[in-house]
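*Asks:* For reference, the structure I am asking about is given below.
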Amino acid sequence: MGDVRNKTFVVTRFDPDRDEAPRTQRYQVPVQPDWKVLDALNYIKDEIDGTLSHRWSCRMAVCGSCGMSVNGEPRLTCKDALDQYGDTVEIGPLANFPVIRDLVIEMEGFLEKLKSVKPWIIRAKEKAVEEGPLNQSPEQLEEFRKFSMCINCMLCYAACPVVANEPDFLGPAAIALGHRYNLDSRDEGAAERNEIFRGEGTVFSCSYANECTEVCPKHVEPAAAVNQAKLNVLIDWAKGLVLPRGGAQ
Amino acid sequence: MTDILRHDLVIVGGGAAGLRAAIAAVEADPSISVALVSKVYPMRSHTVSAEGGAAAVAREDDSLEMHGYDTVKGSDFLGDQDVIQYFVEQAPRELTRLEHWGCPWSRNEDGTVATRAFGGMTTKRTWYAADKVGFHMLHALFQHSLQFDRIVRYNEQFVTKLLVDGGAVRGVTALDVRTGAVRAVLGRAVILATGGAGKIFPFTTNGNIKTGDGMALAYCAGVPLKDMEFVQYHPTGLPGTGILITEATRGEGGHVKNSEGERFLVTRDYGVGTKAELGPRDMISRAIVQEIQAGRGFEGSFGAFVHLDLTHLGEARIDKQLPMVRELAKIYAGVDPVYEPIPIRPVVHYMMGGVDTDIDGATSISGLYAAGETACVSLNGANRLGSNSLTECLVFGARAGEHAVGFARGTGECNESALRSQTEEEAGRIAALRGKKGGGEKISQIRREMNDAMESGCGVYRNASDMASGVQALAKLQDRLADLAIEDSSLVFNTELVAALELVNMMDVARTVAGAAQLRDESRGAHTRDDFAARDDQNFLHHSLCHFDAAGAGPRIDKKAVTLGHWEPEERKY
């Protein structure tokens, strides 16, 4: 099983009922060699301090609950191996979000952003179930497949320099999701979504820092989605369908 | 003053069954107001972890009759045959609907939906989106649901009790995890869709949230839990973590091998016949345990295991069809399945049992419905076939949603003052738990002991004496819950309080599993007895029902007839 190694975890704590500001608390944890960051947090919760609050569930990198800041970087903690870190590991809530408590961040705003891009199939006329599935070639599926892989872990928002300055920025995951539907051969809603994308605080606010793509644990490449979405809005504009406005440069 | 929220329909749980029910409800009646109450955000629901696919007849060489027969045989003839027939008829419609809603199903070259082979299924009828089917289905459902303003989401609200008045359910009480407030969410009908209870076991594919909450809610309100003794062990979980490696690995042609490199499902007689690795889950799990007991397993730091070998499939096929398996094996087992076999062992995966419902999802309490893994509509009987459960969430989620709407329409006003006082009482109970010193019992300690009792008493192979020890241990553990200490006294996001409430739920559910198992002196499906090796239709071709005993004496258990009529029970041999 290899050697157990003691590490110190410096964990950000904050209870709005008791603390004026976030503070840190140190825990010594005997770390097993195969552990992820989340395993250490669960050890703290179960064996040392039941008052620590963090979100987690699937522990297999698909439910998207356990995004946190590890040594200052946004990480999916159930996927993040501890052996890459030294004897002291700092864990805090994801940056760029209000904190509810300890490592738990406010995500209602993110949900609103997701909804605002109309992330559902829009068709002029719905096909009846009796008529069977719509056809879609493997190539058509490949057009959007990558952008459908987002697990809503919000690491990209924590990494995004635009979100840091402009909390209302629609942001990488929501834009990638809207773009995913625009690219889906079954969808006819691109004009509606491009209307949204040309607004303030959306695609043209992106500074293309590419941080979102670098931190994405599912290789969604939201930066590419944002860039493609920009281009599509401009093409619509060139066709005279919409006028660019907002932060267009 | 207690906060009261008023809706027409309350759905507890935001996974595939809950979301499908919500959409069906607002489509059936656009004026209806639906509260979708979940202890997490819907996209965190455990549906997300399902991997391999969803079953529905799609090919010309297939038929509803064949899907039905495979399912009833897989169930070891404990599935209700009217339910199975309805299920197979509706399955293609539901998966088509999901296609129209944007689910990125994998495709054949001609653009039609692709299907793959799965265990116990005669032909390729499992629809898939690579190996992230639950993830894609859940997100497609969730995103589709966002367009309906009549679906009001209450995220991170833990339901603590069903509000029942005059014999009818009238809503729920919910702890708002972020504020600590306990509120009433009233509705004319309630649907439970909270998923399974794998966390009663130590080694499970299930996420942390799968604590049997809906089962416990219904049970404590007087609805029986049905067929709880049938717990599915998935043959292929990663040692240590229990992370699921999908059956689609075998559907795509993967081999299971022992330490001698032998494909024992081919070379030895484990009842799976020519199906080999594509036998049903109960049989393959037993085969693996027997191989290990015969000394033909590998020893590892997390116990013995065997190999799942995909190396002959090649990198291109693995990356196209099984990308998540490759990722999971690399991250959580340190092996790349393109080059090395994956270590695997059987792992608790799915509860065939659950809240006793009829084919409409209705329970014995007026206005209370259940669907998905929480429910036992009796599709799966003693053993579920892989890829039937995602489809089950859709078929019976939709049906429960439609029927609950019909029921809600015909229901009169409730006695709000009675419900308000029930809610205040519940708020008082929850308040007393926060920061409770108790007798100093630790949540993690009792949970561990419960897990151990379940593993030793209700494993792949069971016997009378181990089960009796398990039953006794659980009774003692349930008594110790009264002494539970909860360090955290904060109102805000008190996850320790939630964990305590979940543990109380799990203990009730665990006792029904162990109690029902103890009474079934036969081997059927996933319930395998060392001491009663054969199926006994004479005495046990019936469902078991566990009734709650308020005095704490553990479940009172009786029987319910199985609906037969279309397929004659026969020896289950492949």
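Heads up: the protein sequence lines correspond to chains A and B, in order.
Per the working numbering, residue 1 is the first one in the first sequence, and the count goes up by one each step.
Per the working numbering, residue 1001 is the first one in the second sequence, and the count goes up by one each step.
Think of the CB as a built atom: it goes at the ideal place given N, C-alpha and C, for glycine as much as any other residue.
In whole angstroms, what is the alpha-carbon distance linking E1340 (chain B) and V1256 (chain B)?
*Replies:* Each residue's Cα considered, the two are about 13 Å apart.
*Asks:* Give the residues from the stretch 1477-1497 of chain B that approach chain A closer than 9 Å (Cβ to any Cβ), ordered along the chain.
*Replies:* The residues in question are A1485, I1486, E1487, D1488, S1489, S1490, L1491, V1492, F1493, N1494, T1495 and E1496.
*Asks:* Might you give, ordered along the chain, the residues of its own chain that have their beta carbon closer than 6 Å to the beta carbon of V1164 (chain B), omitting 5 neighbours on each side?
*Replies:* Within the same chain, V1164 (chain B) has close Cβ partners A1221.
*Asks:* Under the assumption that P1104 (chain B) contacts H1136 (chain B) (Cβ atoms under 8 Å), give the Cβ distance between them as a whole number of angstroms.
*Replies:* Indeed, because the Cβ distance is near 6 Å, the residues count as touching under 8 Å.
*Asks:* Going along the stretch 46-61 of chain A in order, which residues come within less than 9 Å of chain B, judged by CB to CB distance?
*Replies:* So the close ones are D46, E47, D49, G50, T51, L52, S53, H54, R55, W56, S57, C58, R59, M60 and A61.
*Asks:* Please report whether the beta-carbon of F1201 (chain B) lies at a distance below 7 Å from any beta-carbon of chain A.
*Replies:* With 7 Å as the cut-off, F1201 (chain B) does not count as an interface residue toward chain A.
*Asks:* What first and last residue would you give for the beta strand (DSSP E) that runs through T51 (chain A)?
*Replies:* Segment: none, T51 (chain A) is in no beta strand (DSSP E) and carries neither H nor E.
*Asks:* In this structure, does DSSP put G247 (chain A) in helix, strand or coil?
*Replies:* Below a pLDDT of 50, predicted positions are generally treated as unreliable, and G247 (chain A), at 42, falls in that range; no measurement from the model is reported.
*Asks:* Tell me, to the nearest whole angstrom, how far the beta carbon of A176 (chain A) is from that of N96 (chain A); I am working on the premise that it is less than 8 Å.
*Replies:* Between N96 (chain A) and A176 (chain A) the Cβ distance is about 17 Å, and since that is not below 8 Å, they are no contact.
*Asks:* W1101 (chain B) versus chain A: which residues are under 8 Å apart at the beta carbon?
*Replies:* Simply W120 and I121.
*Asks:* Select from A:R55, A:A21, A:D17 and A:P93 the residue whose C-alpha is nearest the C-alpha of T1495 (chain B).
*Replies:* If we check each option's Cα against that of T1495 (chain B), A:R55 comes out closest.
*Asks:* In three-state DSSP terms, what is R193 (chain A)?
*Replies:* Three-state DSSP puts R193 (chain A) in a helix.
*Asks:* For chain A, is any of its Cβ atoms less than 7 Å away from the one on R1044 (chain B)?
*Replies:* Interface residue, yes.
*Asks:* Counting only the same chain and skipping the five closest in sequence on each side, list residues whose C-beta sits under 7 Å from that of Q249 (chain A).
*Replies:* In this prediction, Q249 (chain A) has a pLDDT of 37, which is less than 50 and means its spatial position is unreliable; nothing more can be read from the coordinates.
*Asks:* Suppose you measure from the CA of I1200 (chain B) to the CA of G1367 (chain B); what does that come to, to the nearest Å?
*Replies:* If you take the alpha carbons of I1200 (chain B) and G1367 (chain B), they lie about 28 Å apart.
*Asks:* Considering only the beta carbon of each residue, do S1021 (chain B) and I1011 (chain B) sit closer than 7 Å?
*Replies:* Sequence check: residue 1021 (chain B) is Ala here, not Ser. Result yes, Cβ atoms of A1021 (chain B) and I1011 (chain B) sit closer than 7 Å.
*Asks:* On the three-state DSSP scale, how would you describe I1011 (chain B)?
*Replies:* Three-state result, I1011 (chain B): strand.
*Asks:* Measuring only between beta-carbons, confirm whether Q1081 (chain B) sits less than 7 Å from chain A.
*Replies:* By this cut-off, Q1081 (chain B) is not an interface position.
*Asks:* Compare the Cα-Cα distances from R59 (chain A) to each of B:G1068, B:V1057, B:S1045 and B:N1380 and report the closest residue.
*Replies:* Considering only alpha carbons, the answer is B:S1045.
*Asks:* Which residues does DSSP pair with G67 (chain A) in a beta bridge?
*Replies:* Answer is A:L76.
*Asks:* Comparing C-alpha positions only, which one of A:P93, A:V62, A:F110 and A:G171 sits nearest to N71 (chain A)?
*Replies:* When only C-alpha atoms are compared, the closest one is A:P93.
*Asks:* Can you tell me where the alpha helix (DSSP H) with M1137 (chain B) in it begins and where it stops?
*Replies:* Per DSSP, M1137 (chain B) belongs to the alpha helix (DSSP H) from V1133 to S1145.
*Asks:* Which value, in whole angstroms, describes the spacing of the CA atoms of S1364 (chain B) and V1471 (chain B)?
*Replies:* One C-alpha to the other measures close to 27 Å.
*Asks:* Nearest to A1408 (chain B) by CA position, among B:L1005, B:V1034 and B:G1271, is which residue?
*Replies:* Closest by alpha carbon: B:V1034.
*Asks:* Hey, is P1104 (chain B)'s beta-carbon within less than 7 Å of any beta-carbon in chain A?
*Replies:* Chain A contact via Cβ: present.
*Asks:* Expressed to the nearest angstrom, what Euclidean distance is found between the alpha-carbon atoms of C33 (chain A) and A1316 (chain B)?
*Replies:* Cys is not the amino acid found at residue 33 (chain A); the sequence shown has Pro there. Those two C-alpha atoms are separated by around 31 Å.
*Asks:* What does S69 (chain A) reach in chain B if we use C-beta pairs closer than 8 Å?
*Replies:* Ordered by position in chain B, no residue passes the 8 Å Cβ test against S69 (chain A), which lies about 17 Å from the chain.
*Asks:* When you compare the CB positions of D1360 (chain B) and P1224 (chain B), do they come within less than 7 Å of one another, or not?
*Replies:* Not closer than 7 Å, so no.
*Asks:* Could you name the residues of chain A that L1328 (chain B) contacts, counting a contact when the two beta carbons are closer than 7 Å?
*Replies:* What L1328 (chain B) touches in chain A: M60.
*Asks:* Using a threshold of 7 Å, state whether the C-beta atoms of V1172 (chain B) and V1152 (chain B) are closer than that.
*Replies:* Taking 7 Å as the Cβ cut-off, V1172 (chain B) and V1152 (chain B) do not qualify as a contacting pair.
*Asks:* I think W1567 (chain B) touches Y1069 (chain B), with their Cβ atoms under 8 Å apart; what is that distance to the nearest whole Å?
*Replies:* With a Cβ gap of about 6 Å, W1567 (chain B) and Y1069 (chain B) count as contacting.
*Asks:* Check distances from the C-beta atoms of the stretch 1137-1149 of chain B to those of chain A and list, in chain order, the residues that come in under 7 Å.
*Replies:* So the list reads Q1143, H1144, L1146 and Q1147, given in the order they occur along the chain.
*Asks:* Below 8 Å, how does it come out for the stretch 1230-1247 of chain B and the stretch 1338-1352 of chain B: are there three or more Cβ pairs, yes or no?
*Replies:* In short, these stretches touch, since the Cβ pair count reaches three.
*Asks:* Can you list, in chain order, the residues of the stretch 1239-1263 of chain B whose Cβ is nearer than 8 Å to any Cβ on chain A?
*Replies:* Going along the stretch 1239-1263 of chain B in chain order, one finds G1240, T1241, I1243 and L1244 with a Cβ nearer than 8 Å to chain A.
*Asks:* Counting only the same chain and skipping the five closest in sequence on each side, list residues whose C-beta sits under 6 Å from that of M149 (chain A).
*Replies:* Result list for M149 (chain A): K218 and V220, in chain order.
*Asks:* Applying the criterion that 16 or more other CB atoms from any shown protein chain within 10 Å of the CB defines a buried residue, is S1075 (chain B) buried or exposed?
*Replies:* That one is buried.
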